[in-house]
Amino acid sequence: MFKRRFRLPSPALVISMVTLSLVLGGTAVAASTAKHNDKKADIKLIKKLAPSLSVKHAKTANSATTATNATNATHATSADSATNATNATNATNATNASALQGKSASAFASSAIEAAHVVGAAGEPAYQNGWSNALAGVDEPLSYFKDPWGIVHLQGNTSHSGASGATVFTLPAEDRPAKDLYFAVYGAGGTAAFMVVTSDGAVTPFGPSQTFLGLTNITFRAGL
């Protein structure tokens, strides 16, 4: 029976195959090395640019060089901009944290109103020329006060034993108008009466003479 004989490859063929294998293998190694080097170069570049890049776009943790300083890295425009993210909860709205609308407390009027000064009471202006608080039980005695905006308010009533046109009382210097002011007020029995508050503080019937006066509607700005 005929048997086929296999011929061994010639020395030249063996050398050619080995050379080809080395060439192809070297190319693969070179390509792998180049790819590895390129990746390392990319990472170095990302690290260098990380401060100007948004943290949420960073591919690796190493890219976010200061991410640990950002309380909420996803919403930080850049890692460097979140230096004090933990303490800056409302930094935008805290521009004038120690002031109201950018103004100091002295720019605002106090919410407190001074106590009423009751005419004829101890330490307060005295009644003059026979005027008094001898009133019916339903009538409020005469008093005045100045509000936080500098407006002087008279409130209450006064009486006289006989018709009089003399001064009722005198306001202190800090509660006087700069010029004389005239007012229509309530007179005895519902009649019309008129008062003048002068620049020297005198509160006086302007006419006609009265035995009773209701002065609640007298208001003016002190010093104006």
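Quick note: the sequence shown uses the working numbering, first residue 54, plus one each step. We put the beta carbon where it would ideally sit given N, CA and C, even for glycine.
Best match in the options for proximity to residue i [C-alpha to C-alpha]
i, options, result
"residue 172", "189, 157, 190, 198", "198"
"residue 252", "221, 189, 267, 227", "227"
"residue 243", "157, 231, 265, 185", "265"
"residue 214", "232, 185, 175, 233", "185"
Cut-off 6 Å between Cβ atoms - residues of its own chain near residue i, not counting five sequence neighbours on either side
i, result
"residue 224", "254"
"residue 218", "258, 262"
"residue 209", "193, 194, 195, 196"
"residue 274", "203, 204"
Own chain residues within Cβ distance below 8 Å of residue i, not counting five before or after
i, result
"residue 272", "204, 205, 206, 207"
"residue 233", "249, 250, 251, 252"
"residue 170", "177, 178, 196, 197, 198"
N-terminal and C-terminal residue of the beta strand (DSSP E) that residue i is part of
i, result
"residue 204", "204-208"
"residue 256", "255-260"
"residue 237", "234-240"
For residue j and residue i, the rounded distance between their alpha carbons
i, j, result
"residue 235", "residue 248", "6 Å"
"residue 277", "residue 229", "9 Å"
"residue 269", "residue 164", "22 Å"
"residue 156", "residue 166", "22 Å"
"residue 153", "residue 187", "48 Å"
"residue 190", "residue 241", "16 Å"
Cut-off 7 Å between Cβ atoms - residues of its own chain near residue i, not counting five sequence neighbours on either side
i, result
"residue 220", "181, 182, 255, 256, 257"
"residue 267", "210, 238, 239"
Local Cβ density within 10 Å of residue i, reported as buried at 16 or more and exposed below that
i, result
"residue 174", "exposed"
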